[in-house]
Amino acid sequence: MLRWPAAFLRWPYAFAFCLSVVVGLVTIYYSHDLNVGLKDPEGFLGPAYIRLPMIGLLIFAVAILPQSIYRYGFKNAFSGVRTIVRDEWNWKRVGHVATGMLSFYICYVSYRNLKSYLPELTTTLHDRQLLELDHWLFFGNNPATVLHDVLGTSIAAQVLAVLYVLYLPVVPITVGAVLVLHRDFTVGAWYATAVSLNWVLGVVSYYSLPTLGPAFYEPQRFADLPDNGATQLQMSLLRGAFGFKEDPQGDKIYGIAGFASLHVSVVFTLALFLHYAGIARAVRYTAWTYLGFTILATIYLGWHYIADDIGGLVIGWIAVMIGAWVTGNSKWQKRRRHAALQDAEPVDEPTTDAARTMSEPSA
3 MLRWPAAFLR WPYAFAFCLS VVVGLVTIYY SHDLNVGLKD PEGFLGPAYI RLPMIGLLIF
63 AVAILPQSIY RYGFKNAFSG VRTIVRDEWN WKRVGHVATG MLSFYICYVS YRNLKSYLPE
123 LTTTLHDRQL LELDHWLFFG NNPATVLHDV LGTSIAAQVL AVLYVLYLPV VPITVGAVLV
183 LHRDFTVGAW YATAVSLNWV LGVVSYYSLP TLGPAFYEPQ RFADLPDNGA TQLQMSLLRG
243 AFGFKEDPQG DKIYGIAGFA SLHVSVVFTL ALFLHYAGIA RAVRYTAWTY LGFTILATIY
303 LGWHYIADDI GGLVIGWIAV MIGAWVTGNS KWQKRRRHAA LQDAEPVDEP TTDAARTMSE
363 PSA
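For the sequence shown, the numbering used here puts the final residue at 365, and the numbers step up evenly by one.
Shown next, in the form of structure tokens:
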């Protein structure tokens with residue numbers, strides 16, 4: 003009777019599956035209680051239920067064709083694709099990829115809806131306290147103003163805006179890439195679980211310390227920045243916020259929340275995961291560099307206070323550590339598996355002359 007529960011707990015997606023079910027049910031409850039319909043937030047390539055499978059299939063196609071050409075040559079590339087799919091892509095592997103994407107999708111959509119219910123469930127804001135903390139940390143100066151003075155408000159604004167908005171496609175693409183490309187499905191489960199945890203912990207932080215963020219609390223401080231992708235996104239969020247407040251039952255979604263920075267938490271999760279998973283050095287260094295620019299952009303463009311970024315780093319670290327533990331990828335679990343494999347190896351019989359002499363019967 004205990005065989006099925008034990009097998010389920012050993013499944014690397016057990017935690018992510020349960021997490022998605024719980025947060026999905028919580029979202030449905032509040033949607034019903036507030037009489038606000040569930041919404042599937044759109045992004046690039048359309049709604050999440052369309053873009054996630056598309057990304058997965060695209061990454062699969064991009065990855066498998068070069069493999070086939072390398073192994074079988076240009077003439078046999080298409081027949082090679084069939085061979086690779088038949089030999090390496092069984093239903094178990096497909097099921098793991100689908101589970102990872104589905105868990106990510108449910109947690110993300112739940113996160114966006116629960117975030118949208120903020121003005122319905124709380125009216126308290128803590129921007130003043132976090133703004134005062136920023137001034138104290140910068141010796142009486144506003145950190146955004148300091149960055150504007152040091153970096154200027156032309157080229158730096160455009161570059162940081164591009165890097166900041168790049169986050170929107172980076173998240174689903176990296177989830178799809180790890181799930182599809184990494185042959186160890188426990189590693190894919192680790193990253194999918196960690197990113198899903200970011201959404202859940204992010205919602206908890208939004209309700210624990212509700213804020214708007216500097217650009218929405220003090221928009222005049224960022225009026226000198228040129229029009230860019232980030233400012234356009236801010237205006238889009240403002241239109242969505244006004245539309246949601248006017249008609250919560252409409253098609254608009256509220257998306258303004260400062261603490262903690264999910265941009266920072268998810269990018270830190272990516273960089274930390276790549277580091278611990280031992281991915282290629284160039285990829286790891288790129289992720290750490292991108293994290294540095296992301297943190298800089300959150301302050302420069304007015305998305306977050308310094309405390310928001312610190313909170314994001316904490317959430318990212320917690321997500322990676324819990325994700326590693328529940329999928330069997332923590333250092334302790336890996337050491338235990340390694341020790342078990344060593345204990346299971348057969349011990350070779352002694353072959354030295356001394357050993358043979360000791361084993362021979364005495365005359």
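We put the CB at the ideal spot given by N, CA and C, even for glycine.
As the structure is a computational prediction, the values presented were derived from the model and not from experiment.
To the nearest whole angstrom, what separates the beta carbons of Pro-228 and Thr-155, a pair I think is in contact under 8 Å? As a first step, residue 228 must be located in the sequence shown, where it is residue number 226. As a first step, residue 155 must be located in the sequence shown, where it is residue number 153. That belief holds up - the Cβ atoms of Pro-228 and Thr-155 are roughly 7 Å apart, short of 8 Å.
Beta-carbon separation (whole angstroms), Gly-257 vs Lys-117, contact threshold 8 Å: Along the sequence shown, read from residue 1 onward, the residue named residue 257 stands at position 255. Along the sequence shown, read from residue 1 onward, the residue named residue 117 stands at position 115. Between Lys-117 and Gly-257 the Cβ distance is about 6 Å, and since that is below 8 Å, they are a contact.
At least 3 beta-carbon pairs within less than 8 Å: the segment 93–106 vs the segment 182–194: They touch, by the three-pair rule.
Beta-carbon spacing of Ile-301, Pro-145 below 8 Å: As a position in the sequence shown, residue 301 is number 299, starting the count at 1. As a position in the sequence shown, residue 145 is number 143, starting the count at 1. Cβ atoms of Ile-301 and Pro-145: closer than 8 Å.
Which residue wins for smallest C-alpha separation from Gln-160, given the options Trp-93, Asp-226, Val-173 and Ala-196? Within the sequence shown, numbered from 1, the residue matching residue 160 stands at position 158. Comparing Cα-Cα distances from Gln-160 to each of Trp-93, Asp-226, Val-173 and Ala-196, the minimum goes to Asp-226.
Since Thr-213 contacts Ala-259 with CB under 8 Å, what's their CB separation in whole angstroms? The count along the sequence shown starts at 1 and reaches residue 213 at position 211. The count along the sequence shown starts at 1 and reaches residue 259 at position 257. The distance from the Cβ of Thr-213 to that of Ala-259 is about 7 Å, consistent with a contact at the 8 Å cut-off.
Looking only at C-alpha atoms, which of Asp-129, Thr-271 and Ala-79 sits nearest to Ser-210? Translated into positions along the sequence shown, residue 210 becomes position 208. Selected option, being the one with the closest Cα: Asp-129.
When we look at the beta-carbon of Ser-238 and count the other beta-carbons within 10 Å, is it buried (16 or more) or exposed? Indexing the sequence shown from 1 puts residue 238 at position 236. Around the C-beta of Ser-238, fewer than 16 other C-beta atoms lie within 10 Å, and the residue is accordingly described as exposed.
Straight-line gap, Leu-181 to Ile-317 (C-alpha atoms, nearest Å): One-based indexing of the sequence shown puts residue 181 at position 179. One-based indexing of the sequence shown puts residue 317 at position 315. In a straight line, the C-alpha of Leu-181 is about 22 Å away from that of Ile-317.
Let me know the alpha helix (DSSP H) ranges lying completely inside the segment 192–244, each 4 residues or longer, listed in chain order. Listed in chain order, the complete alpha helix (DSSP H) runs (minimum 4 residues) inside the segment 192–244 are 216–219.
For Asp-186, which of helix, strand or coil comes out of DSSP? What you label residue 186 is simply residue 184 of the sequence shown in a count that begins at 1. Asp-186: coil per DSSP, three-state reduction.
What separation, rounded to the nearest whole angstrom, lies between the Cα atoms of Ser-22 and Asn-115? Along the sequence shown, read from residue 1 onward, the residue named residue 22 stands at position 20. Along the sequence shown, read from residue 1 onward, the residue named residue 115 stands at position 113. Here the alpha carbons of Asn-115 and Ser-22 stand approximately 14 Å from one another.
Short check: CB of Leu-153 to CB of Ile-308, under 8 Å? By 1-based counting over the sequence shown, the position of residue 153 is 151. By 1-based counting over the sequence shown, the position of residue 308 is 306. Taking 8 Å as the cut-off, the beta carbon of Leu-153 is found no closer than this to the beta carbon of Ile-308.
For the putative contact between Asn-200 and Thr-271, defined by C-beta atoms under 8 Å, what is the C-beta separation to the nearest angstrom? The sequence position of residue 200 within the sequence shown is 198, counting from 1. The sequence position of residue 271 within the sequence shown is 269, counting from 1. Going by Cβ atoms, the distance from Asn-200 to Thr-271 rounds to 6 Å, so yes, they are a contact pair.
Which residue wins for smallest C-alpha separation from Tyr-208, given the options Leu-162, Ser-198, Trp-192 and Asp-310? The residue given as residue 208 occupies position 206 in the sequence shown. Nearest C-alpha to Tyr-208: Asp-310.
Tell me which residues share the same chain as Gln-69 and place their Cβ nearer than 7 Å to its Cβ, disregarding the 5 neighbours each side in the sequence. Indexing the sequence shown from 1 puts residue 69 at position 67. Result list for Gln-69: Ile-86, in chain order.
Identify whether Trp-91 lies in helix, strand or coil by the three-state DSSP scheme. If you number the sequence shown from 1, residue 91 lands on position 89. Reduced to three states, the DSSP call for Trp-91 is coil.
The alpha helix (DSSP H) enclosing Ser-22, as first and last residue numbers: Working through the sequence shown from its first residue, we reach residue 22 at position 20. Looking at the DSSP string, the run of the alpha helix (DSSP H) that includes Ser-22 is 16–36.
State the DSSP-derived secondary structure class of Gln-160, mapped to helix, strand or coil. In the sequence shown, residue 160 corresponds to position 158, counting from 1. Secondary structure of Gln-160 (DSSP, three-state): helix.
Three-state class that DSSP yields for Lys-117 in the structure shown: By 1-based counting over the sequence shown, the position of residue 117 is 115. DSSP, read as helix, strand or coil, puts Lys-117 in helix.
Do you know whose CA, among Leu-104, Val-205, Gln-234 and Phe-261, lies nearest Val-164's CA? On the sequence shown, position 162 is the one that residue 164 refers to. Ranking the options by Cα distance to Val-164, first place goes to Gln-234.
Pick out whichever of Val-83, Val-111, Tyr-113 and Tyr-119 has its Cα sitting closest to the Cα of Leu-36. Counting from 1 along the sequence shown, the entry for residue 36 is found at position 34. Distances from the alpha-carbon of Leu-36 to those of Val-83, Val-111, Tyr-113 and Tyr-119 put Tyr-119 closest.
Am I right that Tyr-169 and His-265 are in contact with their C-beta atoms under 8 Å? What's the rounded C-beta distance? Indexing the sequence shown from 1 puts residue 169 at position 167. Indexing the sequence shown from 1 puts residue 265 at position 263. Cβ-Cβ separation between Tyr-169 and His-265: approximately 5 Å, consistent with a contact (criterion under 8 Å).
Using 10 angstroms around the beta-carbon of Arg-283, count the other beta-carbons present and answer buried if the total reaches 16, otherwise exposed. In the sequence shown, the residue the question calls residue 283 occupies position 281. Around the Cβ of Arg-283, a 10 Å sphere holds fewer than 16 other Cβ atoms; the residue is exposed.
Is Val-206 near the ligand COA - that is, is its Cβ less than 7 Å away from at least one heavy atom of it? By its list of ligands, the structure shown contains no ligand whatsoever, and the ligand COA lies outside what it can speak to.
Restricting to Cα atoms, I'd like to know which of Gly-245, Gly-304, Gly-313 and Val-205 is closest to Leu-123. Working through the sequence shown from its first residue, we reach residue 123 at position 121. Checked all of Gly-245, Gly-304, Gly-313 and Val-205; the closest Cα to Leu-123 is Val-205.
Please classify Cys-20 as buried or exposed, where buried requires at least 16 neighbouring CB atoms within 10 angstroms. On the sequence shown, residue 20 is found 18 positions in, with the first residue counted as 1. With fewer than 16 neighbouring CB atoms inside 10 Å of its own CB, Cys-20 falls in the exposed class.
May I ask you to report which of helix, strand or coil DSSP gives Tyr-278? Indexing the sequence shown from 1 puts residue 278 at position 276. Of the three classes helix, strand and coil, the one that applies to Tyr-278 here is helix, per DSSP.
Use the C-beta contact count for Tyr-15: other C-beta atoms within 10 angstroms, 16 or more gives buried, fewer gives exposed. As a working note, residue 15 is residue 13 in the sequence shown. Tyr-15 comes out buried.
Could you give the distance in angstroms between the alpha-carbon of Cys-109 and the alpha-carbon of Lys-77? Along the sequence shown, one-based indexing puts residue 109 at 107. Along the sequence shown, one-based indexing puts residue 77 at 75. CA-to-CA, the gap between Cys-109 and Lys-77 works out to about 44 Å.
Tell me, to the nearest whole angstrom, how far the beta carbon of Ala-194 is from that of Ser-267; I am working on the premise that it is less than 8 Å. Within the sequence shown, numbered from 1, the residue matching residue 194 stands at position 192. Within the sequence shown, numbered from 1, the residue matching residue 267 stands at position 265. The C-beta distance from Ala-194 to Ser-267 rounds to 15 Å, too long to fall under 8 Å, and the pair is not in contact.
Own chain residues within Cβ distance below 6 Å of Ala-63, not counting five before or after: Position 61 of the sequence shown holds residue 63. Excluding sequence neighbours, Ala-63 sits near nothing in its chain.
Are the CB atoms of Leu-274 and Trp-319 nearer to each other than 8 Å? As a first step, residue 274 is located in the sequence shown; it is residue number 272 there, counting from the start. As a first step, residue 319 is located in the sequence shown; it is residue number 317 there, counting from the start. Pairing Leu-274 with Trp-319 gives a Cβ-Cβ distance under 8 Å.
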